[in-house]
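Notes to accompany the following structure.
Number of protein chains: 4
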Amino acid sequence: MADDGPDEAGEPEGPDGAAGQPVTPDRLRAFSDGVFAIAATLLILEVKAPAADERVWHALRHEWPALAAYAVTFLVIGIAWIHHHNLFHQVRTVDRGMLLLNLGMLATISFLPLPTATLGGHLRGGDASAAAVFYSVSMAAASAWFTLFWHHLCRRPQLMLPAAREGASRARRNSLLGPVGYAAAALIAPLTPEGSLALSAALVVYFVVGRRAPATRTRVLAE
Amino acid sequence: MADDGPDEAGEPEGPDGAAGQPVTPDRLRAFSDGVFAIAATLLILEVKAPAADERVWHALRHEWPALAAYAVTFLVIGIAWIHHHNLFHQVRTVDRGMLLLNLGMLATISFLPLPTATLGGHLRGGDASAAAVFYSVSMAAASAWFTLFWHHLCRRPQLMLPAAREGASRARRNSLLGPVGYAAAALIAPLTPEGSLALSAALVVYFVVGRRAPATRTRVLAE
Amino acid sequence: MADDGPDEAGEPEGPDGAAGQPVTPDRLRAFSDGVFAIAATLLILEVKAPAADERVWHALRHEWPALAAYAVTFLVIGIAWIHHHNLFHQVRTVDRGMLLLNLGMLATISFLPLPTATLGGHLRGGDASAAAVFYSVSMAAASAWFTLFWHHLCRRPQLMLPAAREGASRARRNSLLGPVGYAAAALIAPLTPEGSLALSAALVVYFVVGRRAPATRTRVLAE
Amino acid sequence: MADDGPDEAGEPEGPDGAAGQPVTPDRLRAFSDGVFAIAATLLILEVKAPAADERVWHALRHEWPALAAYAVTFLVIGIAWIHHHNLFHQVRTVDRGMLLLNLGMLATISFLPLPTATLGGHLRGGDASAAAVFYSVSMAAASAWFTLFWHHLCRRPQLMLPAAREGASRARRNSLLGPVGYAAAALIAPLTPEGSLALSAALVVYFVVGRRAPATRTRVLAE
Numbered sequence: 626m627a628d629d630g631p632d633e634a635g636e637p638e639g640p641d642g643a644a645g646q647p648v649t650p651d652r653l654r655a656f657s658d659g660v661f662a663i664a665a666t667l668l669i670l671e672v673k674a675p676a677a678d679e680r681v682w683h684a685l686r687h688e689w690p691a692l693a694a695y696a697v698t699f700l701v702i703g704i705a706w707i708h709h710h711n712l713f714h715q716v717r718t719v720d721r722g723m724l725l726l727n728l729g730m731l732a733t734i735s736f737l738p739l740p741t742a743t744l745g746g747h748l749r750g751g752d753a754s755a756a757a758v759f760y761s762v763s764m765a766a767a768s769a770w771f772t773l774f775w776h777h778l779c780r781r782p783q784l785m786l787p788a789a790r791e792g793a794s795r796a797r798r799n800s801l802l803g804p805v806g807y808a809a810a811a812l813i814a815p816l817t818p819e820g821s822l823a824l825s826a827a828l829v830v831y832f833v834v835g836r837r838a839p840a841t842r843t844r845v846l847a848e
Numbered sequence: 626m627a628d629d630g631p632d633e634a635g636e637p638e639g640p641d642g643a644a645g646q647p648v649t650p651d652r653l654r655a656f657s658d659g660v661f662a663i664a665a666t667l668l669i670l671e672v673k674a675p676a677a678d679e680r681v682w683h684a685l686r687h688e689w690p691a692l693a694a695y696a697v698t699f700l701v702i703g704i705a706w707i708h709h710h711n712l713f714h715q716v717r718t719v720d721r722g723m724l725l726l727n728l729g730m731l732a733t734i735s736f737l738p739l740p741t742a743t744l745g746g747h748l749r750g751g752d753a754s755a756a757a758v759f760y761s762v763s764m765a766a767a768s769a770w771f772t773l774f775w776h777h778l779c780r781r782p783q784l785m786l787p788a789a790r791e792g793a794s795r796a797r798r799n800s801l802l803g804p805v806g807y808a809a810a811a812l813i814a815p816l817t818p819e820g821s822l823a824l825s826a827a828l829v830v831y832f833v834v835g836r837r838a839p840a841t842r843t844r845v846l847a848e
Numbered sequence: 626m627a628d629d630g631p632d633e634a635g636e637p638e639g640p641d642g643a644a645g646q647p648v649t650p651d652r653l654r655a656f657s658d659g660v661f662a663i664a665a666t667l668l669i670l671e672v673k674a675p676a677a678d679e680r681v682w683h684a685l686r687h688e689w690p691a692l693a694a695y696a697v698t699f700l701v702i703g704i705a706w707i708h709h710h711n712l713f714h715q716v717r718t719v720d721r722g723m724l725l726l727n728l729g730m731l732a733t734i735s736f737l738p739l740p741t742a743t744l745g746g747h748l749r750g751g752d753a754s755a756a757a758v759f760y761s762v763s764m765a766a767a768s769a770w771f772t773l774f775w776h777h778l779c780r781r782p783q784l785m786l787p788a789a790r791e792g793a794s795r796a797r798r799n800s801l802l803g804p805v806g807y808a809a810a811a812l813i814a815p816l817t818p819e820g821s822l823a824l825s826a827a828l829v830v831y832f833v834v835g836r837r838a839p840a841t842r843t844r845v846l847a848e
Numbered sequence: 626m627a628d629d630g631p632d633e634a635g636e637p638e639g640p641d642g643a644a645g646q647p648v649t650p651d652r653l654r655a656f657s658d659g660v661f662a663i664a665a666t667l668l669i670l671e672v673k674a675p676a677a678d679e680r681v682w683h684a685l686r687h688e689w690p691a692l693a694a695y696a697v698t699f700l701v702i703g704i705a706w707i708h709h710h711n712l713f714h715q716v717r718t719v720d721r722g723m724l725l726l727n728l729g730m731l732a733t734i735s736f737l738p739l740p741t742a743t744l745g746g747h748l749r750g751g752d753a754s755a756a757a758v759f760y761s762v763s764m765a766a767a768s769a770w771f772t773l774f775w776h777h778l779c780r781r782p783q784l785m786l787p788a789a790r791e792g793a794s795r796a797r798r799n800s801l802l803g804p805v806g807y808a809a810a811a812l813i814a815p816l817t818p819e820g821s822l823a824l825s826a827a828l829v830v831y832f833v834v835g836r837r838a839p840a841t842r843t844r845v846l847a848e
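Protein chains in written order, with the numbering used here: chain A, 626 to 848; chain B, 626 to 848; chain C, 626 to 848; chain D, 626 to 848.
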């Protein structure tokens, strides 16, 4: 009942050892999984169903920006969940700093339905640039938390499982791809809002299928 | 889709065979369970409560297409959850390909409130055929992922528990009933939108109670 | 990974033994917990926040039926969750019938936001009786599943843990209080809609604090 | 509230001491985690996306009260989740009273989207004082449950793990900071609604980063 895993790690506990940790990894994962799953599933509520007096296919075609934004954001959240899983799988102790980083990241993730709805509603309108900037900056912010996580871990290697320690600085470097890429999408948004969304889509597809993407590199090292 | 490479678990790996897997089955199930449960529970939000100035029974009778679509989609998601459970219960290692298939399936499942609301709003209107096609095609897409899953497993038997391997090709064949049946519902939708919904309902009832349905055949083989 | 608990029960397996069970209790609980938690939390979305041009306290007072319905339904779902927990805690094997009963019960639970919103919107209006009947009948339906569950278990005692078997018929009898009580609330609804809601509230409060209520009687017998 | 009676676990019970408990801590956590995660994630639905004919940045600036209320409430729910985790980590047996306290707390947590939306919609309007009072009182109510929890535990030390017992009365005292602080925010709301929100924000930031805050003091004592 009070056995939550990290004590199984055989190493002597450091200054942030399990005794001082306010949250066990299991419940941190349960709460985080809940927020990821809910944020991803709520997105569809922002796509308006065709009204009773509209032609169905016409209305859906008209909603393509909302549908495209739905697809991209769903994948972004799914990839963030995978990164979150990979990261916490290499952690043996959660300290207060990680708890706060996690809370901030979840707040950003659960915020994403707002820029997604904004982009979906404005991509064909007069203020598409601003909507695309808002969307891309939100994505950059959501992904930047992983760089902060890895930076935190690089400075406190005792929080990681021993086998994970040597890969952490590479993981930190790789994790920059998200915020840098989405920031680039924000920069080109004033020129081409649709190109900005396409760049975000390309980024997330790369995260999904790329052989050298962070999702592939930062694997489970010890289980 | 995303060739897996040599890092995925091959047969010889022992109890630590998960070393190369990017996501542990437990969290995959937790995230997936969350998406299934939320998508199923959000559906009711698409059924409008009678407005304050409407007669309650009259308004609910008027909403019967939305209520029927709610019931069918809820059962479809419930059955998909059961299939998902059965499938992952026969898996010993999750590789990258399964992770992507799972992400795609969850995106489709969490998409279902949109066609459900569309059908509920149009089944009695002038564009009922298109709404029924949209609904049936979405259902076919959601169920087709299981065929892709079993196909992936048939080609990589080492991902399955030993006892599950001989039943996999039969499971793949059985899993075609969903996409083929819902495609048939899409085909008859232009002739009879209500008949199309009735066929979808019949299919899901068969999945629920049929003795030879995939849900019954692809059982837990080793526990 | 494939160890899900029921095999720990030492008794020889009956005709519905674990080998034939399509869903493990753990995931059944996870999916069910998700639906309960989401249905309970979605309820507040049906209470409209005061519009920007309304006086806050005045609007909230005006919303008291919606707030009262929120409170009663939240407790009903919470109690249903407790009953669900108690029941499944005495089960060692989930058969197909229980799976279907569970799916039906979850569909009814996730349906409750609709009658709750209907009652909240109509309790002060001209069609309050119909709204109160709709609400009470929905509650009766949601609670009747527990009687069906216990009936199913009484006829298949091998599904229960040995220590739970002798209490099952009493649990079945006790479980009638819910559907009978809410049916009584439906019967008095045409006379006094507010009295009907008050009776539902009294019932759920009794379930919460009553010493002889099913929640108290059907305890965990073996753990 | 619901005297517990002799069936609740007393000190002498051994590793099977949970025999009389109606709900296992694991499922209590799962259900509670779900409600916390959903309530936190639903909050963003109360922030309206800029309409298609609005300027994006202008509309978002106009929505700053809703965004600020979103951020504060998200953190309040996150902190409540941490407190909930800390508290239940020191509990070895859940009795009926704790079950009811938990149900009440979850009802209050899942209620928070309503005052958050109210404050977001009124902070710049004519009735900002009332909205700020409603918001602060709701926060005070949500946090007061923790004082009730610790009070319940202080009177029934056998419910706690042995190592947790001596810290319980200090935890009860510390837990007063929340309700007292939010009550102070309610008191100043008629004078300065924005100052009231700022005080709530300061409180939650203190809970997040303060070195002597309850979140830090009520740590995991035995694991």
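A virtual CB, placed ideally from N, CA and C, is assigned to each residue, including glycine.
The C-beta separation of residue 692 (chain B) from residue 716 (chain B) comes to about 36 Å, leaving the pair out of contact by the 8 Å criterion. Residue pairing for residue 785 (chain B): DSSP places it in a beta bridge opposite B:716.
Chain order gives the chain B residues near residue 747 (chain C) as 675, 677 and 681, where near means a beta carbon separation below 8 Å. Residue 766 (chain C) is a Cβ neighbour of residue 733 (chain C), given a cutoff of 8 Å. Beyond the five residues adjoining it in sequence on each side, residue 814 (chain A) comes within less than 7 Å, by CB distance, of 754, 757, 758, 761 and 821 in the same chain, given in chain order.
One Cα belongs to residue 688 (chain A), the other to residue 659 (chain D), and the distance between them is close to 32 Å. With a 10 Å radius around the Cβ and a threshold of 16 neighbouring Cβ atoms, residue 724 (chain D) comes out buried. Look at residue 678 (chain D) here: in three-state DSSP terms it is coil, with no helix or strand label. Not a single C-beta of chain C is nearer than 8 Å to the C-beta of residue 720 (chain D).
At a cut-off of 8 Å between beta-carbon atoms, residue 732 (chain B) makes contact with chain A.
Listed along chain D are 654, 658 and 710, each with a C-beta nearer than 8 Å to that of residue 652 (chain A).
Among the CB atoms of chain C, none fall inside 8 Å of the CB of residue 763 (chain D). For residue 822 (chain A), not one C-beta of chain D is nearer than 8 Å to its own C-beta. DSSP places residue 821 (chain D) in the helix class (H, G or I) of the three-state scheme.
Taking 8 Å as the CB threshold, residue 833 (chain D) lines the interface with chain A. For residue 797 (chain D), the enclosing alpha helix (DSSP H) has its first and last residue at 793-799. At a cut-off of 8 Å, the C-beta of residue 812 (chain D) has no neighbouring C-beta in chain A. Think of a sphere of 7 Å around the beta carbon of residue 825 (chain A): no beta carbon from chain D falls inside it, the nearest being about 17 Å out. Taking every protein chain shown into account, the CB of residue 828 (chain D) has 16 or more other CB atoms within 10 angstroms, so this residue is buried. Cβ-Cβ separation between residue 656 (chain B) and residue 832 (chain A): approximately 16 Å, too far for a contact (criterion under 8 Å). For residue 667 (chain D), same chain residues with a beta-carbon under 7 Å away, outside a window of 5 residues either side, are 738 in chain order. In this structure, residue 719 (chain B) sits away from residue 786 (chain B), with a CB-CB distance that is not shorter than 8 Å.
Where residue 724 (chain B) is concerned, the enclosing alpha helix (DSSP H) starts and stops at 721-736. In the DSSP annotation of this structure, the continuous segment of the alpha helix (DSSP H) that includes residue 758 (chain A) starts and ends at 753-780. Around the beta carbon of residue 834 (chain B), a 10 Å sphere encloses fewer than 16 other beta carbons of the protein chains shown; the residue is thus reported as exposed. Residue environment: residue 678 (chain A) is assigned as exposed (fewer than 16 neighbouring CB atoms within 10 Å of its CB, all protein chains considered). Exclusion of the five residues before and after residue 665 (chain C) leaves 699, 702 and 703 as the residues of its chain whose Cβ lies within less than 7 Å of its Cβ. Residue 744 (chain C) places its beta carbon 8 Å or farther from that of residue 684 (chain C).
By the criterion of a C-beta distance shorter than 7 Å, residue 800 (chain A) is surrounded in its chain by 771, 772, 775 and 839, once the five residues flanking it on both sides are discounted.
Of C:711, C:752 and C:806, the smallest CA-CA separation from residue 793 (chain C) is found for C:711. In this model, residue 690 (chain B) and residue 675 (chain B) are separated by some 14 Å (Cα to Cα).
Not flagged as an interface residue toward chain A: residue 768 (chain B), since no C-beta distance is shorter than 8 Å. In this structure, residue 740 (chain B) sits away from residue 769 (chain B), with a CB-CB distance that is not shorter than 8 Å. Across the structure, residue 783 (chain A) and residue 713 (chain A) are spaced so that their CA atoms are roughly 14 Å apart. Contact between residue 726 (chain A) and residue 777 (chain A) holds: their C-beta atoms lie close to 6 Å from each other, under 8 Å.
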